[in-house]
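Asks:
Number of protein chains: 2
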Amino acid sequence: MATLETISSIDTSPRHPIRLVANRTGLTVDLIRAWEKRYHVVEPARSDTKRRLYSDYDIERLRLIRIAKQNGRRLVDVAPLTLEALRDVVSEDSRYEVSQDVQAEIYRPSWTSPLESSESADDIDALMFSVQTMDQHRFDQLLQEGLVKQSLPAFLQTVIGPLLAEIGESTRLGKMRIAHEHMATAHLRTFIGALRFRETYTGNEPKIVITTPTGQLHELGALMVAALVSVDGWLPVYLGPNTPADEIAACAMQSGARAVSLSLTYPADDPRIPTELTRLRSQLESRIPVFVGGSAASHHHELINRLGLLSPKSLDALRHSLNMLRDNRFQGIA
Amino acid sequence: MATLETISSIDTSPRHPIRLVANRTGLTVDLIRAWEKRYHVVEPARSDTKRRLYSDYDIERLRLIRIAKQNGRRLVDVAPLTLEALRDVVSEDSRYEVSQDVQAEIYRPSWTSPLESSESADDIDALMFSVQTMDQHRFDQLLQEGLVKQSLPAFLQTVIGPLLAEIGESTRLGKMRIAHEHMATAHLRTFIGALRFRETYTGNEPKIVITTPTGQLHELGALMVAALVSVDGWLPVYLGPNTPADEIAACAMQSGARAVSLSLTYPADDPRIPTELTRLRSQLESRIPVFVGGSAASHHHELINRLGLLSPKSLDALRHSLNMLRDNRFQGIA
DNA sequence: TTTATCTGGACAAAACTAGGACAAACTTGC
DNA sequence: GCAAGTTTGTCCTAGTTTTGTCCAGATAAA
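As you go down the protein sequences, you meet chains A and B in turn. If you're matching positions, the first sequence starts at 1 in this note's numbering and goes up one per residue. If you're matching positions, the second sequence starts at 1001 in this note's numbering and goes up one per residue.
1. What span of residues does the beta strand (DSSP E) with B:Ala-1344 cover, start to end?
2. In this structure, how does DSSP classify B:Ser-1321 when only helix, strand and coil are distinguished?
3. I'd like to know if B:Leu-1325 contacts chain A, where contact means its C-beta is closer than 8 angstroms to some C-beta of that chain.
4. If we count the other Cβ atoms within 10 Å of its Cβ and call it buried at 16 or more, is B:Ser-1013 buried or exposed?
5. Grab the span of the alpha helix (DSSP H) containing A:Phe-139 for me, first residue to last.
6. List the whole-angstrom C-beta distance separating A:Leu-20 from B:Arg-1073, where the pair is believed to meet the contact cut-off of C-beta under 8 angstroms.
7. Counting along the chain, where does the alpha helix (DSSP H) carrying B:Gly-1221 start and finish?
8. What do you get for A:Asp-58, buried or exposed, if any count of 16 or more other CB atoms within 10 angstroms of its CB means buried?
9. Would you call A:Arg-177 buried or exposed, if buried means 16 or more other Cβ atoms sit within 10 Å of its Cβ?
10. Any C-beta of chain A sitting closer than 8 angstroms to the C-beta of B:Ala-1126?
11. Is there contact here, the region 1262 to 1269 of chain B with the region 1232 to 1239 of chain B, by at least three beta-carbon pairs under 8 angstroms?
12. In the region 1039 to 1068 of chain B, which residue ranges form an unbroken beta strand (DSSP E) of at least 3 residues, counting only runs that do not cross its ends?
13. State buried or exposed for B:His-1137, treating a residue as buried only when at least 16 other CB atoms are found within 10 Å of its CB.
14. Tell me, please, which residues DSSP counts as bridged to B:Phe-1338.
15. Around the Cβ of A:Ser-110, are there at least 16 other Cβ atoms within 10 angstroms (buried) or fewer (exposed)?
16. Just to confirm my understanding: we take B:Gly-1146, look at its own chain, exclude 5 residues before and 5 after, and list those with CB closer than 7 angstroms. What are they?
17. Is the beta carbon of A:Thr-347 less than 8 angstroms from the beta carbon of A:Leu-307?
18. Is DSSP giving B:Pro-1241 helix, strand or coil here?
19. Hey, how far is the Cα of B:Gly-1256 from the Cα of B:Glu-1205?
20. Is B:Gly-1174 close to chain A, meaning its C-beta is less than 8 angstroms from at least one C-beta of that chain?
21. Going by DSSP in three states, A:Lys-175 sits in which element: helix, strand or coil?
22. Looking at the unbroken alpha helix (DSSP H) that takes in A:Val-21, where does it start and where does it end?
23. Counting pairs of beta carbons, one from the region 1212 to 1219 of chain B and one from the region 1236 to 1250 of chain B, are three or more of them closer than 8 angstroms?
24. On the criterion of 16 or more Cβ atoms from any shown chain inside 10 Å, does B:Gln-1070 qualify as buried, or is it exposed?
25. List, in chain order, every chain B residue whose beta-carbon is nearer than 8 angstroms to that of A:Thr-212.
26. When the Cβ atoms of the region 1023 to 1030 of chain B are set against those of the region 314 to 322 of chain A, are three or more pairs found closer than 8 angstroms?
27. Along the chain, where does the beta strand (DSSP E) containing A:Ala-211 start, and where does it finish?
28. B:Arg-1061: which of B:Thr-1082, B:Arg-1052 and B:Lys-1050 sits nearest, CA to CA?
29. So, B:Trp-1035 versus B:Leu-1064, is the Cβ gap smaller than 8 angstroms?
30. Quick one: Cα of B:Ile-1304 to Cα of B:Arg-1258, how far?
31. Do you know how far the Cα of B:Asp-1270 is from the Cα of A:Glu-199?
32. Name the residues in the region 191 to 203 of chain A whose C-beta lies less than 8 angstroms from a C-beta of chain B; which are they?
33. Comparing the C-beta of A:Ser-8 with each C-beta of chain B, is any distance below 8 angstroms?
34. Which of helix, strand or coil does DSSP assign to B:Pro-1014?
35. Quick one: grab the DSSP three-state call for B:Leu-1235.
36. Who are the Cβ neighbours of A:Ser-94 in its own chain at under 7 angstroms, not counting the five residues just before and after it?
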């Protein structure tokens, strides 16, 4: 029954030395060996001179085990799991790891920045510094490292979200030049855009149209949603920013999408928003839910309710609703 | 069209003494010899008196092997790889990328000649079709395949450029929905944005600020330039679209850029363009050339000449000028 | 003549391996 | 709540492999 294995087509040929594995996973060389000694977490092949040689498969397992550990799992429990089982464990944890602190959270712009663990705060400081010094290389490096340290959803919520908020704030207060903001935004656009291609698609994922309505030029929130939902087995049909309602509806129709997600950030009170949202809702089959998020969504609370649109409180809530919808257990918003 | 060929190829003629190779790669002379002795990392040609003579190709390989080593690779593993394979390895490592596609069979050196125009036309048709059917997967696949078939500069000029033009035209004529255009643009934004990370950086590349001025919201042209110049050993400081002149100047200053490149597309006759260009030129040190390209550049011919800006006729001409500038042989536009 | 490069070999630093020790953090049992 | 046990990250030693540097004597170039 090799079919199941084939789905995760990760290379199992042994070729990477231990140092490279340490670099990629963020673990120390000592630790990788210790794990092998104690729990046979990975049993790498050996070169003719007994050097360990790891495969891509091994690396991915180690990376996931690291994340699982960070989420509080014990090594004994996760060590024997296959890659697929590990993915499940990590993906499940990622739904709770962030939301724990959400209760302690008072009003924050809708899906921007929930958790602020000290470690993430350090990461964000480092990122901000690299922006201010225009050190693009460091910026990318930090983003990659951050992604290694946690699961994608957690990373988006603890690092990218707060980072965006802080960049916006700093620029508004004049602590940072517009040029810095532009550079960071352009980089993040590329980085987040590439995230969803990390996932593997089978071709029968339900589709979701993701965009921002006319007048809303900031696309990073929408792009984050695209990356996020691809983790949960959706295929995002991403349209970029500033899409007219008619087009959104037509696209949803043509692609056979099961849902639509819009992001509202700036300007918060654009007069076109009510028109566009109304238009969209009326042109779209009623069985297709429309999610509205972003920091400016709260400005249109009334309207959203009246039209029967859905406005999840957080990225987590959105994921939850979409999971329900995907599994045909959707009743309305959580 | 052989012009493109000449610029993008890597010279394999042996001519550089070992000292120069050491300087360019950052390796010591002894080390280069030791590598040759032990692993035949490079087997340079010899002069009639047995002096080693290295080609540009050799130098590039050594440079990449040095980086691969830094990433934790063992010399035994990387020594026998071709330049292309090395590029893949290095770019994979530096991005911690999980390689999804195993198409390593079809090696093509990056200086392969561009495709016959008929073949590119077929590619573009296929791409257009995938856009119209909203088949994102196929779209990405075709882009990826197109890139394998030719060098990056050739790909940008024979596929991406014409594709953008055709998408714009089709939308304008109503043959295609705005939603289709949006989807394609969003995808291309991610795709082209990621291209420049295929290149590897040593940290001493000259920098070039790339953006579009205030009012110019289309960024794909600028992004293509960023990907293009990174091939030739420049480090693009990419600021995204719509950057005020003051900010461009400040950014060039802070980053110590050697050049600035602007892209003008739409609207072609925006009244802010003259103001912005004038402002930029006056705030920027005169030793920093400003290149202006894009389909709308010709509308401002007068102005560009008056301000002493440079407007290369093609992407090739831009590359040529930048190569000159990089090697301190710059006299003006070709 | 002086400087740069060549070959071949020697040597030392760095990295890896195996096995074990140790302390901090966490569990379990009382 | 405390003591005893377990888990886990880090460090140490000693032996091996890999890798970087240096040297000596010879030859070529400046």
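Cβ coordinates follow ideal geometry from the N, Cα and C atoms, glycine included. Keep in mind it's a predicted model, so treat the numbers as computed, not measured.
Replies: Based on what the coordinates show:
1. Residue 1344 of chain B lies beyond the stretch modelled for chain B, which goes from 1001 to 1334, so this question has no answer here.
2. Helix at B:Ser-1321.
3. Against chain A, the CB of B:Leu-1325 has no partner CB under 8 angstroms away; the residue lies outside that interface.
4. Under a 10 Å Cβ-count criterion, B:Ser-1013 is classified as exposed, with fewer than 16 other Cβ atoms of the shown protein chains found around its own Cβ.
5. Bounds of the alpha helix (DSSP H) holding A:Phe-139 are 136 to 149.
6. That pair is a contact at about 6 angstroms.
7. B:Gly-1221 -> alpha helix (DSSP H) spans 1220 to 1231.
8. By the 10 Å Cβ count, A:Asp-58 comes out buried.
9. Buried: at least 16 other Cβ atoms inside 10 Å.
10. Not closer than 8 angstroms to any Cβ of chain A, the Cβ of B:Ala-1126 fails to qualify, so no.
11. No: the two stretches stay apart, fewer than three of their Cβ pairs being nearer than 8 angstroms.
12. You should have found no qualifying run.
13. Looking at its Cβ environment, which holds fewer than 16 other Cβ atoms inside 10 Å, B:His-1137 is exposed.
14. No answer is possible for residue 1338 of chain B: the residues shown for chain B start at 1001 and end at 1334.
15. Low confidence applies here, because A:Ser-110 scores a pLDDT of 40, under 50, leaving its location unreliable; read the following figure in that light. A:Ser-110 comes out buried.
16. Taking B:Gly-1146 as the centre and dropping the five residues before and after it, the same chain places the C-beta of Asp-1123, Phe-1155 and Val-1159 closer than 7 angstroms to its C-beta, in chain order.
17. Since the first residue shown for chain A is 1 and the last is 334, residue 347 of chain A is missing from the structure and cannot be characterised.
18. DSSP places B:Pro-1241 in the coil class of the three-state scheme, outside both helix and strand.
19. C-alpha separation (whole angstroms): 11 angstroms.
20. No, its Cβ sits nowhere closer than 8 angstroms to a Cβ of chain A.
21. Coil.
22. A:Val-21: member of the alpha helix (DSSP H) spanning 18 to 25, first to last residue.
23. Taking a cut-off of 8 angstroms for Cβ pairs, the region 1212 to 1219 of chain B and the region 1236 to 1250 of chain B touch, as three or more such pairs fall below it.
24. Taking every protein chain shown into account, the CB of B:Gln-1070 has fewer than 16 other CB atoms within 10 angstroms, so this residue is exposed.
25. The contacting residues do not exist; A:Thr-212 stays about 10 angstroms from chain B at best.
26. Pairwise C-beta distances place the region 1023 to 1030 of chain B out of contact with the region 314 to 322 of chain A, as fewer than three of them are shorter than 8 angstroms.
27. The displayed chain sequence assigns Thr, not Ala, to residue 211 of chain A. 207 to 211 is the extent of the beta strand (DSSP E) around A:Thr-211.
28. Distance check between B:Arg-1061 and each of B:Thr-1082, B:Arg-1052 and B:Lys-1050 places B:Thr-1082 closest, using alpha-carbon atoms only.
29. No Cβ-Cβ contact shorter than 8 angstroms links B:Trp-1035 with B:Leu-1064.
30. Distance between the alpha carbons of B:Ile-1304 and B:Arg-1258 is about 19 angstroms.
31. Cα-Cα distance, rounded: 41 angstroms.
32. So the close ones are Gly-193, Ala-194, Phe-197, Arg-198, Thr-200, Tyr-201 and Gly-203.
33. Residue confidence is low: A:Ser-8 scores 43 on pLDDT, short of 50, so the model does not pin down where it sits. Its coordinate-derived value is still stated next. Not closer than 8 angstroms to any Cβ of chain B, the Cβ of A:Ser-8 fails to qualify, so no.
34. Reduced to three states, the DSSP call for B:Pro-1014 is coil.
35. DSSP places B:Leu-1235 in strand when its eight states are reduced to three.
36. If we look at A:Ser-94 and ignore the five residues flanking it on each side, its Cβ neighbours are Ser-151, Pro-153 and Ala-154.
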